[in-house]
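Keeping their order, the protein sequence lines are chains A and B. If you read the first sequence in our numbering, its first letter stands for residue 23, the second for the next number, and so on. If you read the second sequence in our numbering, its first letter stands for residue 23, the second for the next number, and so on. Glycine included, every Cβ here is placed at the ideal spot set by N, Cα and C.
2 protein chains.
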Amino acid sequence: MIKKINHIAIIVPDLDSSLSFWRDTLGLTLTHTEEVKGQESIVAFLPTGDSEVELVKPTTETSGAARFLAKRGPGLHHIALEVDDLDEMLMRLKEKGVRLINETPVVAAGGNRAAFIHPESANGVLVELYETKAG
Amino acid sequence: MIKKINHIAIIVPDLDSSLSFWRDTLGLTLTHTEEVKGQESIVAFLPTGDSEVELVKPTTETSGAARFLAKRGPGLHHIALEVDDLDEMLMRLKEKGVRLINETPVVAAGGNRAAFIHPESANGVLVELYETKAG
Numbered sequence: 023m024i025k026k027i028n029h030i031a032i033i034v035p036d037l038d039s040s041l042s043f044w045r046d047t048l049g050l051t052l053t054h055t056e057e058v059k060g061q062e063s064i065v066a067f068l069p070t071g072d073s074e075v076e077l078v079k080p081t082t083e084t085s086g087a088a089r090f091l092a093k094r095g096p097g098l099h100h101i102a103l104e105v106d107d108l109d110e111m112l113m114r115l116k117e118k119g120v121r122l123i124n125e126t127p128v129v130a131a132g133g134n135r136a137a138f139i140h141p142e143s144a145n146g147v148l149v150e151l152y153e154t155k156a157g
Numbered sequence: 023m024i025k026k027i028n029h030i031a032i033i034v035p036d037l038d039s040s041l042s043f044w045r046d047t048l049g050l051t052l053t054h055t056e057e058v059k060g061q062e063s064i065v066a067f068l069p070t071g072d073s074e075v076e077l078v079k080p081t082t083e084t085s086g087a088a089r090f091l092a093k094r095g096p097g098l099h100h101i102a103l104e105v106d107d108l109d110e111m112l113m114r115l116k117e118k119g120v121r122l123i124n125e126t127p128v129v130a131a132g133g134n135r136a137a138f139i140h141p142e143s144a145n146g147v148l149v150e151l152y153e154t155k156a157g
């Protein structure tokens, strides 16, 4: 079951100048930044309602986020839908023939578990399925 | 003040085939569809948590959504941030030199008021500021 939009991720080339818009101009609150090694990026977390806006700055040139930035410039990268049971959801998607980028979960920010659905199966949208430790 | 992510909007060429993924496969609930004449589109609303996923099918070939679809194919179009006072937010953004698509509010789905920030001022993201009738 999908519980909510956990976050939307925006790829940016520089956190400071991005925060000047999202935090200082729009008024969102920055709770913290975190280096997410598995995703080769530093992420700034700005919660709003029961979701978060995440600003993602690539730290290498090889990640998907870095290639997105080089090719298209900054912009919306993916949406993350929080699920209560990621394994069950992945099994269901496989049964229905949905194309997955991660057939098994990977480790995301905060040590949570995640798996991406290929945009080809989701109207051109990169969808992350996200399961928090709290469940 | 920003209260939450009101919705994320995904442009699609056909609602039925899109609902077969977002509703039937992922398990989101469709509450209703609505023709939004001001935006030349039919919108399907799928709430999750305190936000909504909106599937937007253009009904003309002249709207921004229709041109997005023709040029880039289906995909994430914009995020809508709900504010408590749209007029105050627009005044603040103008003072800070943010480039706006709508300098004054337009009528959005459900008769709510909205205004778009130009992606140039928002890391390539099309951001809708959204004020509901309830305030």
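Could you round the C-beta distance between residue i and residue j to whole angstroms and report it? I think they count as a contact, below 8 Å.
i	j	result
Glu76(A)	Ile30(A)	7 Å
Ala136(B)	Leu151(B)	6 Å
Ala87(A)	Pro80(A)	5 Å
Lys25(B)	Asp106(B)	6 Å
With DSSP as the reference, label residue i as helix, strand or coil.
i	result
Thr55(B)	strand
Gly71(A)	coil
Leu48(B)	coil
Glu117(B)	helix
Ser42(A)	helix
Glu104(A)	strand
Gly97(A)	strand
Glu110(A)	helix
Ala169(B)	Residue 169(B) is absent from the model: chain B starts at 23 and stops at 157.
Ala144(B)	coil
Ala66(A)	strand
Ala131(A)	helix
In chain B, what lies closer than 9 Å to residue i by C-beta?
i	result
Ser143(A)	Phe43, Thr47
Thr70(A)	Ile24, Lys25, Lys26, Ile27, Leu103, Glu104
For residue i, count neighbouring Cβ atoms within 10 angstroms of its own Cβ and tell me buried if that reaches 16, exposed if not.
i	result
Ser63(A)	buried
Glu110(B)	exposed
Val128(B)	exposed
Ser73(B)	buried
Ala144(B)	buried
Ser40(B)	buried
Ala92(A)	exposed
Which residues does DSSP list as the beta-bridge partners of residue i?
i	result
Leu122(A)	Ile139(A)
Leu151(A)	Leu103(A), Ala137(A)
Ala159(A)	Not covered by the structure: residue 159(A). The range shown for chain A is 23 to 157.
Leu26(B)	With the sequence shown as reference, residue 26(B) is identified as Lys, and Leu is not the correct amino acid for it. For Lys26(B), which the question treats as bridged, DSSP gives the partners Glu104(B).
Residue i touches chain B at which residues, Cβ-Cβ below 7 Å?
i	result
Gly60(A)	Under the 7 Å cutoff, chain B gives no residues; its nearest Cβ is about 23 Å from Gly60(A).
Val34(A)	Asn145
Using a Cβ cut-off of 8 Å, pull out every chain B residue sitting near residue i, in sequence order please.
i	result
Ser40(A)	Asn145
Gly97(A)	Pro141, Asn145, Gly146, Val147
For residue i, go through chain A and note every residue whose CB falls closer than 9 Å to its CB, in chain order.
i	result
Leu115(B)	Thr47, Leu48
Val65(B)	Going along chain A, no residue has its Cβ under 9 Å from Val65(B), so there is no contact; the nearest lies around 14 Å.
Closer than 8 Å by beta-carbon distance: list the chain A residues that pair up with residue i, in chain order.
i	result
Lys118(B)	Thr47
What I want to know is whether the C-beta of residue i ends up closer than 7 Å to one or more non-hydrogen atoms of the ligand SAH.
i	result
Ser40(B)	The model on display carries no ligand, and the ligand SAH is accordingly not part of it.
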